[in-house]
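If you're matching positions, the sequence shown starts at 3 in this note's numbering and goes up one per residue.
Note that the Cβ used here is the ideal one computed from N, Cα and C, for glycine as well.
These numbers were taken from a predicted model, which means no experiment stands behind them.
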Amino acid sequence: MTTSKIIKQLFLSFSKKDDKSFEVAAREYIEREKRKKHNIVAKELEKALYNTGDLPTSQKRFKNSLPIPRDTEKGFPLLEIQHFNKNFDSLIISEETKEQLEQIIREFKDSDILATYNLQYKKKILLCGKPGTGKTFSAQILSSVLSIPLIYIRFDAIISSYLGETAGNLRRVFDFIEHGTWIVLFDEFDIIGKNRDDRHEHGEIKRVVNSFLQMLDNLKGDSIIFAATNHQNILDPAIWRRFDDVVYYNLPDEKIRQQIFENYLKSMKRKNDIDLVKFSKLSKGLSPADIKMITEEAMKIAIINSKNSISMNDVEIAVNKFIRREKVKNNEMGDR
Ligand SMILES: Nc1ncnc2c1ncn2[C@@H]1O[C@H](COP(=O)(O)OP(=O)(O)O)[C@@H](O)[C@H]1O
Ligand SMILES: [Mg+2]
3 MTTSKIIKQL
13 FLSFSKKDDK
23 SFEVAAREYI
33 EREKRKKHNI
43 VAKELEKALY
53 NTGDLPTSQK
63 RFKNSLPIPR
73 DTEKGFPLLE
83 IQHFNKNFDS
93 LIISEETKEQ
103 LEQIIREFKD
113 SDILATYNLQ
123 YKKKILLCGK
133 PGTGKTFSAQ
143 ILSSVLSIPL
153 IYIRFDAIIS
163 SYLGETAGNL
173 RRVFDFIEHG
183 TWIVLFDEFD
193 IIGKNRDDRH
203 EHGEIKRVVN
213 SFLQMLDNLK
223 GDSIIFAATN
233 HQNILDPAIW
243 RRFDDVVYYN
253 LPDEKIRQQI
263 FENYLKSMKR
273 KNDIDLVKFS
283 KLSKGLSPAD
293 IKMITEEAMK
303 IAIINSKNSI
313 SMNDVEIAVN
323 KFIRREKVKN
333 NEMGDR
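Put into structure tokens, the structure is as follows:
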């Protein structure tokens, strides 16, 4: 987060009376001061935030939470705390998937009632499906709907640098998580299956994955943990068993593709000639993220040509650009 974002977050949390997110932003600011080696300022701020010394414990607002964990070798932060304000309806997915997410939300809200029946809300959830279908987006939406900050962890980043360090890094990530209530996303969980050919690397990764699964098993606290992957087929059964729920993101069918077109074009006036049914048919196999990209391109084409409404032609140009881009990506441009 930039300094101005942190300050905005402080203001927002003050006006929403959200102590938790105030503390998170304040901590983030203190960490920045420390990184700049402004140690005295950091100490002063810490003292101010936690009232250390002046007040009896009962009157202290925050209990001291942990600083953001960092990689011991390179010092980069192992996780990022993010705040979102997104609407559940902006996620356009099949009814089944939507209901599944709704149930996760409701169980979390009713977790104390469930507990009286000795039942546990769905706490560890695997998100899978093709890229651009809304896995990361869903975690952001749940964070918004429940007003709980998202802890974002690039699983591959933790693992790739120093495999030997990884178990320690993961331990510190889990310690941090267990000290608060968060929506946690271990994104790009795919690394688990990636290095299969390299036998040495693969053995190392297996070890890391096992320690991850163990930490997941012993997880304390009241967070929801998501892990997202584009390659669910390569995860072995041991991994599946660890999750309370698996949410699968289909590529959108024609009806949903149309809704996505409508949604992402709604900020601009449309000429009558625009036939979204046609584009919904044409866009078979595309992900919501692909369609979003096309609509944004189309709107930009209209705008830079000083038009105040979008036409069939604008969308067509955008679609063709997208097709060309896919060809480049798939090495189908025909050059030798
Ligand atoms: N089902 C969806 N409904 C609406 N927008 C979506 C959907 N899926 C993806 N998007 C858009 O595409 C962007 C990228 O999607 P993302 O959630 O990162 O995909 P992934 O499944 O690869 O994690 C999102 O931020 C969102 O703007
Ligand atoms: Mg993602």
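Straight-line Cα distance separating residue j from residue i
{"i": "Asn197", "j": "Thr297", "result": "Caution is warranted here: a pLDDT of 49 is assigned to Asn197, below 50, making its placement in the model unreliable, and no coordinate value can be reported."}
{"i": "Lys88", "j": "Gly336", "result": "42 Å"}
{"i": "Ala28", "j": "Asp224", "result": "22 Å"}
{"i": "Leu221", "j": "Leu103", "result": "21 Å"}
{"i": "Asp158", "j": "Ala50", "result": "37 Å"}
{"i": "Lys257", "j": "Leu68", "result": "47 Å"}
{"i": "Ile8", "j": "Glu30", "result": "7 Å"}
{"i": "Gly131", "j": "Glu328", "result": "19 Å"}
{"i": "Glu264", "j": "Leu278", "result": "8 Å"}
{"i": "Leu121", "j": "Arg156", "result": "31 Å"}
{"i": "Lys45", "j": "Glu180", "result": "24 Å"}
{"i": "Lys76", "j": "Gln11", "result": "28 Å"}
CB contact flag (residue i, residue j, <7 Å)
{"i": "Ile83", "j": "Val175", "result": "no"}
{"i": "Leu81", "j": "Ile127", "result": "no"}
{"i": "Leu172", "j": "Phe228", "result": "no"}
{"i": "Asp189", "j": "Thr135", "result": "no"}
{"i": "Ser145", "j": "Phe86", "result": "yes"}
{"i": "Asp316", "j": "Ile303", "result": "yes"}
{"i": "Ser23", "j": "Ser15", "result": "yes"}
{"i": "Thr74", "j": "Glu206", "result": "no"}
{"i": "Ala320", "j": "Glu299", "result": "yes"}
Nearest-angstrom Cβ-Cβ length linking residue i and residue j, presumed shorter than 8 Å
{"i": "Ile226", "j": "Ile185", "result": "5 Å"}
{"i": "Lys125", "j": "Asp246", "result": "6 Å"}
{"i": "Ser149", "j": "Asp20", "result": "7 Å"}
{"i": "Val43", "j": "Glu35", "result": "5 Å"}
{"i": "Asp219", "j": "Arg259", "result": "That belief does not hold up - the Cβ atoms of Asp219 and Arg259 are roughly 39 Å apart, past 8 Å."}
{"i": "Ile325", "j": "Pro290", "result": "The Cβ separation is near 17 Å, so there is no contact."}
{"i": "Val249", "j": "Thr99", "result": "6 Å"}
{"i": "Ile107", "j": "Val147", "result": "6 Å"}
Close-in-space but distant-in-sequence residues of the same chain around residue i (CB under 6 Å, 5 per side omitted)
{"i": "Ser313", "result": "Lys273"}
{"i": "Pro133", "result": "Asn232"}
{"i": "Thr267", "result": "For clarity, residue 267 is Leu in the given sequence; the question names Thr instead. The answer, listed in chain order, is Thr297."}
Beta-carbon contacts of residue i that lie in its chain and below 8 Å, excluding the five residues immediately before and after
{"i": "Pro71", "result": "Pro79, Leu80, Leu81, Asn171, Arg174, Val175, Asp177, Phe178"}
{"i": "Met217", "result": "Leu172, Arg173, Phe176"}
{"i": "Pro412", "result": "The requested residue 412 is not part of the displayed model; the chain covers only 3 to 338."}
Sequence-distant residues of its chain with Cβ nearer than 7 Å to residue i (five each side left out)
{"i": "Ser140", "result": "Leu93, Leu103, Leu129"}
{"i": "Tyr123", "result": "Glu109, Phe110, Ser113, Leu116"}
Can you find at least 3 beta carbon pairs, one from the stretch 262-277 and one from the stretch 234-241, that sit closer than 8 Å? The stretch 262-277 vs the stretch 234-241: no contact.
Are at least three pairs of beta-carbons, each pair with one atom in the stretch 252-264 and one in the stretch 282-301, less than 8 Å apart? Yes: at least three Cβ pairs fall under 8 Å.
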